[in-house]
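Remarks on the structure that follows.
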Amino acid sequence: MQFMFFFLVILDVIYIMYVFILPSLYTQSESHLFATIEDEVWDQLKITNTVVEAEEK
Amino acid sequence: MTANWLSIEMLFSFTPIYILIVGFFLIYFLNDRAYRKSFASLILFLALIMNSTILFGFYIPYNIIIRDYSLNLTVGTYILIEMILLLSTISFLFAKYEIANIKNENMMDSLLFLLILSLIGMIISSNLLVILSCFFVVIITLGIVFYFGDHPKEFQLLRTYFLAAGLSTLLLFTASYLIYVEFDTLIITDIKLMEPSNFINVVITTLLFLGIGIPCGLFPFSIYHLKNYYRDSSYTSLFMFSIFNAVNIFLLMRILNAFSLLLPINGVIIMIISAIGLIISMVFVLRELLTSIDGATYSIKKIYGYSLCGDFNLFLLLASYLVIVTRLELNAFYLNFLIFFVFFTIAIKSLIFYSYYPVMLETFDDNLKLLGEFNKKYKKFGFALGSSGLLISLPMSIFTLYIFFSMADAEAILSDSLYSTVTMVVIGFYIIYLLIFLTEISVSYVEMYFSNKPRFVERESIKNITKYDYSPIIIIFVLIGILIALFLLGNELFYSLFKSFLMDFE
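From first to last, the protein sequence lines are chains A and B.
Counting in numbering that gives the first Met the number 0, the first sequence tops out at residue 56, every number present.
Counting in numbering that gives the first Met the number 0, the second sequence tops out at residue 505, every number present.
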């Protein structure tokens with residue numbers, strides 16, 4: 000029982016860190032920590048598109 | 000007390016239902032939109048006030064029980080009606096802005112009233128045939144409500160859903176036929192008193208279990224027939240489905256007289272089935288949340304729906320443990336916890352669902368990867384979503400694990416190695432559920448409220464949030480506080496409130 004209690008407390012600390020503390024820290028510093036891989040792919044797609052358009056011209 | 004249909008008590012007890020029936024007919028004929036919406040909320044509010052008066056003014060103080068060949072009115076009945084009315088208010092809030100300016104909007108509104116009425120019918124009746132009829136009306140109406148929305152949907156989408164509904168109908172009518180042949184009655188109050196042979200008992204209870212469980216995602220079908228429903232439904236019908244899920248749990252408990260009809264062999268079968276169902280739904284939650292296997296939809300509706308299936312299966316897993324406990328005279332202690340657990344889970348699920356309200360207002364997209372930066376405008380909704388995970392992990396899990404470890408320490412369970420193994424297995428499944436639930440909440444919270452560069456298509460006109468829109472959050476938090484206080488301070492209070500509702504004998 001005591002072990003389970005510690006397990007839950009540790010789980011909660013991780014949860015609070017991930018949900019409440021980290022996001023607010025990173026939004027303050029305007030970092031792109033949570034930018035997803037899709038964003039990078041999205042940007043690359045934009046770059047390749049502009050290259051193709053330039054070549055066509 | 001037996002029911003006299005013309006007595007003042009009966010007329011009084013039925014007032015919320017009369018109000019809702021009047022609402023159901025009048026709303027269909029009201030064509031002016033603004034007038035109809037305010038009328039619908041007035042009707043709901045009146046029904047809620049009347050129901051609270053009946054519950055707190057008469058049923059709880061005098062502990063009234065009205066029993067009949069078709070009726071079963073107790074304290075538990077009115078608590079559940081209160082729950083249905085409160086939750087449907089949230090559904091109506093969503094319907095007001097989500098399903099707006101479509102062709103047959105008045106039909107949608109009156110169908111929602113029909114849904115509420117038939118959900119109440121499932122609770123207040125004691126005749127199996129009436130209960131099952133209400134059950135089918137709910138399933139079919141949920142299917143019809145699915146097709147209302149901002150864009151037309153093909154009928155093919157719900158083919159498997161209606162197929163499963165048909166199968167469930169077949170199973171339930173077979174079960175009621177067998178019950179009538181065996182017991183010569185269809186009133187569930189009387190069924191408890193009979194002692195059937197083991198074989199017929201196993202057959203009947205398995206049929207009832209499958210029939211009621213299949214529409215909510217029991218193992219053989221699991222989420223196969225519900226996937227399209229979750230993906231393409233509106234938020235309104237998705238939330239009505241979750242109310243149906245909650246009522247179904249109580250229906251199952253009541254029809255099986257809080258599982259005391261079951262034999263240990265049934266308990267083992269249900270435990271295995273629900274454990275497989277739980278694992279499958281949790282795997283699907285993770286698959287939708289973290290991978291792009293299912294077409295990179297990352298849909299919050301699907302994630303919510305799969306976790307509903309998970310809840311239903313987890314509850315069955317915990318309840319199947321009751322079958323063992325019943326034989327060890329720990330019934331009241333455990334059933335009290337189980338009722339608290341169901342109510343708590345429903346409250347938390349409503350909190351999570353209501354945090355999708357700003358998403359519904361801003362866009363028709365429900366893709367987690369496209370949503371983002373909701374924290375700038377809707378901080379309080381984000382707080383509700385974040386704290387729901389905290390609430391399930393800190394008070395709820397401590398209660399659950401405390402209950403299970405104290406069960407494991409009970410002498411009757413310690414003396415038998417099979418019982419203690421089963422207890423440990425149940426605890427293991429609960430911890431898996433908890434971990435995946437926390438992952439689900441934290442990932443969707445961070446994606447929805449913080450991820451950069453939102454890319455969703457905004458709706459044409461976006462409603463501004465007023466302070467009234469926060470009231471459901473406050474109400475749910477207060478209710479959760481009351482639930483926890485009652486569980487800690489009340490001496491098996493939930494059991495004593497629901498005893499006459501679930502056990503059906505005096």
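Just so you know, even glycine gets a beta-carbon here, dropped at the ideal spot from N, CA and C.
Indicate whether at least one CB of chain A lies closer than 8 Å to the CB of residue i.
i	result
I48 (chain B)	no
S441 (chain B)	yes
F332 (chain B)	no
L413 (chain B)	no
V445 (chain B)	yes
I397 (chain B)	yes
F449 (chain B)	yes
F404 (chain B)	yes
S392 (chain B)	yes
V237 (chain B)	A small correction: the amino acid at residue 237 (chain B) is Leu; Val does not occupy that position in the sequence shown. By this cut-off, L237 (chain B) is not an interface position.
L262 (chain B)	no
G388 (chain B)	yes
L285 (chain B)	no
L437 (chain B)	yes
G294 (chain B)	no
G427 (chain B)	no
G210 (chain B)	no
Does any C-beta atom of chain B lie closer than 8 Å to the C-beta of residue i?
i	result
L7 (chain A)	yes
I19 (chain A)	Note on residue identity: the sequence assigns Phe, not Ile, to residue 19 (chain A). With 8 Å as the cut-off, F19 (chain A) counts as an interface residue toward chain B.
F2 (chain A)	no
Residue i lies in the alpha helix (DSSP H); which residues open and close that run?
i	result
L90 (chain B)	According to the sequence displayed, residue 90 (chain B) carries Ser and not Leu. S90 (chain B) -> alpha helix (DSSP H) spans 74-97.
P15 (chain B)	14-28
I278 (chain B)	263-289
N197 (chain B)	197-212
R35 (chain B)	32-51
F398 (chain B)	396-408
M239 (chain B)	234-254
I510 (chain B)	The first residue shown for chain B is 0 and the last is 505, placing residue 510 (chain B) beyond what the model contains.
M0 (chain A)	That residue, M0 (chain A), is in no alpha helix (DSSP H); it is neither H nor E in DSSP.
L350 (chain B)	330-353
Y448 (chain B)	416-448
D231 (chain B)	226-231
M502 (chain B)	492-502
K378 (chain B)	378-390
Given that a residue counts as buried once 16 or more other Cβ atoms are within 10 Å of its Cβ, and exposed if not, what is residue i?
i	result
D310 (chain B)	buried
A163 (chain B)	buried
H224 (chain B)	buried
N463 (chain B)	exposed
M82 (chain B)	buried
V180 (chain B)	exposed
V8 (chain A)	exposed
E505 (chain B)	In this prediction, E505 (chain B) has a pLDDT of 49, which is less than 50 and means its spatial position is unreliable; nothing more can be read from the coordinates.
K226 (chain B)	buried
F198 (chain B)	exposed
N100 (chain B)	exposed
L501 (chain B)	buried
V445 (chain B)	buried
L24 (chain A)	exposed
G56 (chain B)	exposed
D408 (chain B)	exposed
Can residue i and residue j be called in contact, C-beta distance under 8 Å?
i	j	result
L170 (chain B)	G216 (chain B)	no
S236 (chain B)	F145 (chain B)	yes
L400 (chain B)	I431 (chain B)	no
F91 (chain B)	Y234 (chain B)	no
E97 (chain B)	I302 (chain B)	no
F112 (chain B)	F23 (chain B)	yes
G75 (chain B)	L496 (chain B)	yes
I213 (chain B)	S167 (chain B)	yes
L334 (chain B)	L317 (chain B)	no
Y14 (chain A)	S450 (chain B)	no
N105 (chain B)	L54 (chain B)	no
L261 (chain B)	V341 (chain B)	no
M447 (chain B)	L370 (chain B)	yes
I242 (chain B)	L350 (chain B)	no
S221 (chain B)	G276 (chain B)	yes
So, is the C-beta of residue i closer than 8 Å to a C-beta in chain E?
i	result
L24 (chain A)	The structure shown contains no chain E; its protein chains are A and B.
Per DSSP, which residues does residue i bridge with? Please list them.
i	result
N366 (chain B)	B:S298
N126 (chain B)	B:I186
E457 (chain B)	B:T362
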